[in-house]
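See structure below.
Numbering (our numbering), first residue to last: 2 to 834.
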């Protein structure tokens with residue numbers, strides 16, 4: 002810049018020196034032209050006009066050159082900006098299209114995540130319901146098992162008192178000569194069974210043996226085993242009591258028969274039953290027995306027992322389920338024990354099905370949780386991609402706005418420059434033509450002058466003007482070059498500024514991208530750590546769960562094995578007992594048959610002739626076999642009928658299995674509904690209890706709460722309102738005064754309303770038993786609750802009436818009519834009939 006300025010100063014100095022020389026020569030020419038003043042004056046005027054026009058034209062030419070250069074620059078810049086704008090618009094459209102597509106994918110992924118979340122939540126809810134049902138059923142199973150154990154212990158104690166345990170011990174010991182309990186040895190008609198069992202009483206559990214030696218051995222065995230005591234009835238020693246039976250014709254009304262005559266038994270046990278019943282008489286009814294009371298030991302068909310001493314025993318017989326009955330070895334199991342055992346079996350089946358459902362739901366929840374985690378990760382990646390596209394689109398939009406602004410400015414400048422250039426192009430030709438005419442006129446004037454000195458001076462002036470013009474052109478060329486350099490510098494500076502702006506934008510974008518990349522890296526690291534921690538925790542939990550499951554499965558297998566073994570042993574024992582009893586009955590029947598056949602055999606027995614040999618006997622056997630074959634043919638259709646019946650049995654068995662599975666599934670659903678019902682009740686109870694505590698404290702300045710009779714099974718008991726008014730002891734609702742009952746009941750109603758409001762409430766003089774302060778509290782509470790529901794209150798108390806938004810008064814008018822007055826106490830009062 003310094004060199005350029007020095008050159009420009011030198012050129013200007015040379016131009017001024019040439020101008021001074023030109024002025025000097027002009028002055029000389031003026032002196033010479035004094036004699037020809039008119040001619041010189043005309044020449045001078047022409048020259049002045051030419052110079053004036055040159056002074057106007059030269060700046061316009063310079064401006065025209067500068068404007069042409071600026072127009073070319075603006076055209077190039079506008080073209081570049083249009084190309085850049087098109088690229089930015091295209092890129093922004095592409096990014097916007099990508100953003101729209103990603104947003105659609107994001108919405109689809111969000112719906113998919115929500116659907117998976119709902120599915121996982123539903124599976125977790127079902128799993129929680131199944132687990133709650135399992136826990137509740139396990140608790141019920143333990144309770145039922147304790148009840149059954151208690152009943153079995155009572156039954157065992159009863160068996161011990163009745164001797165059935167003793168007889169079992171004696172039978173298991175292998176002691177021979179035991180006939181059985183008295184209850185086993187007799188058969189009774191059903192209509193007399195109750196009466197005879199009442200009459201026999203504890204003697205039904207006495208043990209009948211063959212002789213007193215067996216009884217003594219049994220007593221010694223019981224002593225050694227410390228198994229208790231038993232009463233033995235040896236057949237060789239037992240003696241029936243003697244009494245004079247009443248003849249048939251002399252029997253009173255209602256007299257059925259002697260008890261010992263109503264028993265069916267073997268002849269060898271007649272004395273045993275005669276000892277057991279003695280002279281006991283069976284009467285049809287208590288009324289008939291009372292008429293003969295004191296003469297006989299009487300038992301009625303309904304089970305009343307009348308002793309000869311006058312003692313009378315009777316009442317309900319429902320508690321005899323654990324007693325011995327004729328024809329049984331052990332007391333019958335009670336209906337309660339049967340119901341408990343059936344319920345326990347049902348719970349076992351339901352728990353088995355519930356465990357299967359829990360296993361399936363655990364796998365489902367784990368799979369859905371994994372899928373949900375992957376879907377959420379994909380959703381996050383799509384969301385990050387959408388954010389990046391949105392940021393890029395915003396940056397492109399900003400660049401587009403800036404570029405459009407610059408383009409508008411350049412376009413405006415180009416239009417103004419083009420307009421100015423057109424104006425100059427219109428002005429310069431006329432001025433150039435005028436300058437040409439003046440120069441032509443000056444040339445003609447100079448050609449007409451013959452004065453040599455004037456010619457010389459004029460030649461020197463022209464020469465000097467040429468020098469001035471050259472130097473002026475050199476100066477203008479230098480200024481033009483400087484102007485071009487300034488314009489070029491301006492363009493370069495603008496490009497530098499644009500490049501710097503682009504560089505700043507790129508650096509800002511790079512910083513944003515780096516920040517996003519850093520944030521994403523941090524998030525990825527955090528997610529990786531969380532995933533690692535979660536996987537580690539899941540691995541540990543899986544291992545713990547697997548160990549617990551193995552331990553539980555092992556314990557369950559051991560328990561099932563022990564239960565199965567116990568059940569198998571119990572079945573074997575029962576089967577052996579039944580087999581033993583059946584064998585004894587068969588032996589007794591065979592013995593009876595032998596005795597009967599021996600009685601039918603002739604006496605003496607016939608003898609087989611000795612001359613009959615083996616061949617004769619075989620011949621007779623073959624004859625008999627032929628006679629058997631003659632009885633054929635056998636019904637062969639019986640096999641086909643058997644096959645059809647067997648197929649039908651298998652079909653019915655399959656249907657029965659299917660129905661049993663469906664029944665178990667329905668029972669499990671019923672238990673799940675019970676769990677949901679208890680959960681809903683517990684949720685409602687907790688909410689209402691919380692509301693009751695708050696409202697009661699506000700109404701009575703005390704404390705109160707709701708209490709269940711049975712918190713474990715709330716549907717098996719009732720609900721108590723426990724209140725503690727201020728300054729008074731804790732009371733239940735039944736022991737409160739009228740006002741306390743009103744406040745407590747209203748607190749309960751308001752607590753229910755807060756939990757589940759109704760459209761409106763109608764209260765009929767609920768403040769009747771309250772004092773003024775409590776009425777004000779109640780009116781304030783109703784006004785608060787009225788924001789949620791409408792209240793219609795019938796009241797005679799002033800605080801309640803003053804708190805109402807609308808008041809309707811009913812009064813007795815003259816005559817037999819009533820008058821209704823509507824009042825608005827919140828505004829100036831006005832009455833309407």
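Even glycine gets a Cβ: it sits at the ideal position worked out from N, Cα and C.
All values reported here derive from a predicted model rather than from experimental measurement.
- A straight-line Cα-Cα distance of about 51 Å links residue 700 and residue 343.
- In the three-state reduction of the DSSP assignment, residue 235 falls in the strand class, which pools E and B.
- Where residue 272 is concerned, the enclosing alpha helix (DSSP H) starts and stops at 271-278.
- When secondary structure is reduced to three states using DSSP, residue 87 falls in the helix class.
- The criterion of a C-beta distance shorter than 7 Å is not satisfied by residue 261 and residue 186.
- The region 298-306 makes contact with the region 197-211, as at least three CB pairs between them are under 8 Å.
- The three-state reading of DSSP puts residue 415 in helix, counting H, G and I together.
- Straight-line measurement puts the Cα of residue 278 at about 19 Å from the Cα of residue 287.
- Taken in chain order, the complete beta strand (DSSP E) segments of 3 residues or longer contained in the region 700-750 are 704-709, 720-725.
- Residue 800 places its beta carbon less than 7 Å from that of residue 776.
- The Cβ atoms of residue 75 and residue 415 sit closer than 7 Å to each other.
- Rounded to the nearest whole angstrom, the C-alpha separation of residue 647 and residue 661 is 20 Å.
- Around the beta carbon of residue 136, fewer than 16 other beta carbons lie within 10 angstroms, which makes this residue exposed.
- Out of 235, 365, 702, the CA that lies nearest to the CA of residue 744 is found in 702.
- Boundaries of the alpha helix (DSSP H) around residue 213: 213-226.
- One thing to note: residue 92 has its Cβ no nearer than 7 Å to the Cβ of residue 476.
- In its chain, beyond the 5 residues on either side, 284, 285, 286, 289, 290 have a beta carbon closer than 7 Å to the beta carbon of residue 255.
- In terms of Cα proximity to residue 770, the closest of 418, 798, 620 is 798.
- In the DSSP assignment, residue 259 falls outside any alpha helix (DSSP H) and within the unbroken beta strand (DSSP E) covering 256-259.
- Residue 768 carries a coil assignment under DSSP once its states are collapsed to helix, strand and coil.
- With three or more CB-CB distances shorter than 8 Å, the region 135-150 counts as touching the region 336-355.
- With a 10 Å radius around the Cβ and a threshold of 16 neighbouring Cβ atoms, residue 235 comes out buried.
- The beta-carbon distance between residue 428 and residue 61, rounded to whole angstroms, is 7 Å. This is short enough to meet the 8 Å contact definition.
- Excluding five sequence positions before and after residue 114, the CB atoms of its chain that fall closer than 8 Å to its own CB belong to 373, 376, 377, 380, given in chain order.
- In this structure residue 580 is exposed. Its beta-carbon is surrounded by fewer than 16 other beta-carbon atoms within 10 angstroms.
- Counting every other CB atom within 10 Å of its CB across the protein chains shown gives residue 729 a total below 16, marking it as exposed.
- Pairing residue 355 with residue 142 gives a Cβ-Cβ distance that is not under 7 Å.
- With respect to the 7 Å criterion, residue 710 and residue 725 are not classified as neighbours on the basis of their beta carbons.
- A distance below 7 Å separates the beta carbons of residue 693 and residue 707.
- Under DSSP, the beta-bridge partners assigned to residue 763 are 793.
- In the displayed model, residue 693 falls within a helix according to three-state DSSP.
- The count of Cβ pairs closer than 8 Å, one atom from the region 777-794 and one from the region 750-768, reaches three, so the stretches are in contact.
- Residue pairing by DSSP places residue 284 opposite 256, 301 in a beta bridge.
- Under DSSP, residue 181 takes part in a beta bridge, and its partners are 209.
- Between the C-alpha atoms of residue 50 and residue 437 there is a straight-line separation of about 11 Å.
- Proximity of the region 663-682 to the region 736-755 falls short of the contact definition, fewer than three beta-carbon pairs being nearer than 8 Å.
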